[in-house]
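So the structure is just underneath, and the comments pick up after that.
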Amino acid sequence: MASNEEILAGLAEIVNEETGLAPEAVEMDKSFTEDLDIDSISMMTIVVNAEEKFGVRIPDEEVKNLKTVGDAVNFISNAQA
Amino acid sequence: MARKVVITGLGVTTPIGGDVPTMWKNALKGVSGAHTLEDDWVAKYELPVHFAARASTPALEVLSRVEAKRMDPSTQFGVVAAREAWADANITEIDHDRLAVAFATGIGGVWTLLDAWDTLREKGPRRVLPMTVPMLMPNGVAAAVSLDLGARAGAHTPVSACASGTEAVHMGLDLIRSGKADVVVCGGAEAAIHPMPIAAFASMQALSRRNDDPEHASRPYDRDRDGFVMGEGAGALVLEAEEHALARGARIYAELAGTSVTADAYHITAPDPEGLGATRALKAAMFDGRIQAEDVVHVNAHATSTPVGDKPEYTALKAALGSHVDNVAVSATKSQMGHLLGASGAVEAVLTVLAVHERKAPVTINLENQDPEIPLDVVTSERALPAGDIVALSNSFGFGGHNAVIAVRSV
């Protein structure tokens with residue numbers, strides 16, 4: 002079980018790997034599309050990598066609800082619970 | 505009168521140099537880019553061929569990690585070469601709606617395709633990356649170059665096996681002459697040094713098996729040639745309508761005087777032993793460029809070093825040039841860098857342009873005992889080309905019976 006801080010750090014690492022964005026730019030209130038400029042293909046890559054890293058399943062229909070980094074952290078945290 | 509088309513930018517990444525100056529220096533000296541492969545998969549799959557000619561500068565040393573992630577290795581090479589050519593042309597203002605791309609590949613995203621297949625089998629469909637399709641599609645390289653340069657007058661991908669790169673140059677000339685574009689970035693890219701293509705080419709007996717001596721394996725025209733050597737990389741040229749180049753005071757390397765493409769309709773892989781398709785391609789390119797046999801001083805030959813391939817090209821050259829063929833300096837540059845498949849014609853076009861511009865023919869290495877049935881004047885040490893108006897030809901032939909020829913004239 003990872004804490005929210007650990008999930009955020011892991012997610013930031015995945016985002017950095019995919020987009021080159023600095024990990025510290027990946028903050029809870031940032032929108033994936035508006036703030037981080039992540040397109041839908043990169044978003045799917047991030048989702049799949051997050052599933053593997055955190056051992057969770059993020060259904061396709063759920064991905065559109067993950068608007069901010071915080072949404073993703075909370076989803077992963079709940080899925081792990 | 506057709507629009508005159510000139511060449512104003514050159515770019516490459518090859519087994520004998522990661523940029524144009526390095527490749528050209530080595531091409532005149534005569535070096536081998538072929539080496540033993542250190543990869544685990546050579547032994548794992550018991551490949552019959554243990555060597556190849558890798559690009560001397562990995563694409564990841566030029567591109568950022570993030571941009572490279574979204575490109576198949578073939579596209580990475582194409583973008584590296586296209587960027588060098590574009591910078592070399594130094595076009596500061598351009599109507600992007602009049603800028604086109606014609607960028608070829610022989611095989612396309614074979615690494616991406618097979619990696620995705622492995623992922624599917626080992627980890628399931630969820631793990632197949634969403635970028636897989638745009639990375640494996642053969643037009644991926646043309647699309648990436650178009651995106652990179654903002655080329656909006658069409659992005660084309662001629663695919664004709666090992667003639668692809670030359671056919672892209674042919675298409676570039678057509679796009680400008682027909683008025684569809686003023687500037688075209690054309691070229692070819694290939695990255696197929698992967699166990700599957702090596703196994704497949706080896707299975708058809710196309711590859712040299714000189715495993716104990718890779719540097720001497722690619723030996724076009726030599727009596728003891730036993731197949732080609734797999735190479736990888738890319739070449740790119742900026743073609744420009746002459747009036748467009750003159751208006752901006754561009755440095756002009758040479759004129760792309762004429763091109764042609766023909767098909768053998770003889771056999772799916774074997775070259776027509778009489779070289780009839782190649783002869784028609786040579787004659788058509790010369791006709792297209794209003795070129796007499798006596799104008800031609802240099803040929804960059806296709807010459808892959810296969811026992812069956814090298815001779816019909818000689819037959820075709822003799823048929824097209826007549827007795828003047830004896831006066832032509834012929835370079836077989838695959839002796840140095842191996843066979844870059846769909847990129848080979850583009851890299852050889854760059855070499856041909858440089859030969860005309862610098863008036864020097866690149867070197868053919870490993871010619872120890874010239875095949876008596878191919879009595880060409882093969883350039884084996886740096887050779888000056890004559891002053892005055894000169895023309896050089898570059899040939900490419902591909903499985904499927906594809907023949908493509910370009911003719912480059914001095915300016």
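Listed in order, the protein sequences are those of chains A and B.
Position one of the first sequence corresponds to residue 2 (the numbering used here), numbered consecutively onward.
Position one of the second sequence corresponds to residue 505 (the numbering used here), numbered consecutively onward.
We treat Cβ as the ideally placed atom computed from N, Cα and C, and that holds for glycine.
- Taken in chain order, the members of the region 618-640 of chain B whose beta-carbon sits within less than 7 Å of a beta-carbon on chain A are Arg-630, Arg-631, Leu-633, Pro-634 and Met-635.
- In the displayed model, Leu-858 of chain B falls within a helix according to three-state DSSP.
- Glu-63 of chain A sits in a helix when the DSSP states are folded into three classes.
- Across the region 553-581 of chain B, CB contacts with chain A closer than 8 Å involve Ser-568, Arg-569, Val-570 and Lys-573, in sequence order along the chain.
- A straight line joining the alpha-carbon of Ala-769 of chain B with that of Asp-776 of chain B spans about 9 Å.
- The three-state reading of DSSP puts Met-708 of chain B in coil, since its state is none of H, G, I, E or B.
- Proximity of chain B to Met-45 of chain A at the Cβ level (cut-off 7 Å) is accounted for by Pro-634, in chain order.
- Scanning B:Ala-865, B:Val-832 and B:Val-812 for the CA closest to the CA of Phe-901 of chain B turns up B:Val-812.
- Val-566 of chain B sits close to Thr-517 of chain B, with the two beta carbons spaced by under 9 Å.
- Secondary structure within the region 781-815 of chain B: the beta strand (DSSP E) runs of 3 or more consecutive residues, fully enclosed, are 800-804 (chain order).
- Here Thr-819 of chain B has Glu-778 and Gly-779 as same chain residues with Cβ atoms under 7 Å from its own Cβ, once five neighbours each way along the sequence are excluded.
- Under the criterion of beta carbons closer than 8 Å, Gly-849 of chain B and Thr-579 of chain B do not qualify as touching, at roughly 18 Å.
- With respect to chain B, the C-beta atom of Gly-56 of chain A has no partner C-beta closer than 9 Å.
- Taking C-alpha positions only, His-660 of chain B is separated from Met-44 of chain A by approximately 29 Å.
- Against chain B, a Cβ distance below 8 Å from Ile-77 of chain A picks out nothing, because the smallest value is about 16 Å.
- Residues Gly-534, Ser-536, Ser-839 and Gln-840 of the same chain have their beta carbon placed closer than 7 Å to that of Ile-869 of chain B, with the five preceding and five following residues left out of the count.
- Counting of Cβ neighbours within 10 angstroms places Phe-791 of chain B among the exposed residues, the total staying below 16.
- Taking one beta carbon from each stretch, the region 675-687 of chain B and the region 617-634 of chain B have fewer than 3 pairs nearer than 8 Å; the two do not touch.
- Residue-level contact by beta carbon holds for Thr-20 of chain A and chain B, with a gap shorter than 9 Å.
- In the DSSP secondary-structure assignment, Met-641 of chain B is not bridged to any residue.
- Look at Gly-676 of chain B here: in three-state DSSP terms it is helix.
- For Ile-42 of chain A, the closest Cβ of chain B is nearer than 9 Å.
- Going by DSSP, Ser-578 of chain B is part of the alpha helix (DSSP H) stretching over 577-593.
- Proximity of Glu-35 of chain A to chain B, defined by a Cβ-Cβ separation below 9 Å, is not satisfied.
- The closest CA to that of Asp-881 of chain B, considering only B:Ser-827, B:Val-912, B:Gly-905 and B:Ile-894, is found on B:Ser-827.
- For the set B:Ala-807, B:Lys-787 and B:Pro-562, the Cα lying nearest the Cα of Thr-766 of chain B is the one of B:Lys-787.
- Put simply, the backbone Cα of Ala-606 of chain B is about 14 Å away from that of Ala-667 of chain B.
- Nearest CB-CB separation between Glu-52 of chain A and chain B: below the 9 Å threshold.
- Neighbours of Val-64 of chain A in chain B, taken as residues whose beta carbon is under 9 Å from its own, are absent, since the nearest beta carbon is some 11 Å off.
- The continuous beta strand (DSSP E) containing Glu-694 of chain B extends over residues 687-694.
- The closest CA to that of Ala-721 of chain B, considering only B:Val-829, B:Ala-911, B:Thr-540 and B:Ala-531, is found on B:Thr-540.
- Here the alpha carbons of Glu-852 of chain B and Thr-561 of chain B stand approximately 18 Å from one another.
- Contacts between Val-74 of chain A and chain B, judged by CB atoms closer than 8 Å, are missing: the closest CB pair is about 21 Å apart.
- In this structure Met-708 of chain B is not in contact with Ala-557 of chain B, their Cβ atoms being roughly 19 Å apart against a cut-off of 8 Å.
- For Ala-538 of chain B, the three-state secondary structure derived from DSSP is coil.
- Here Phe-33 of chain A carries a coil assignment [DSSP, helix/strand/coil].
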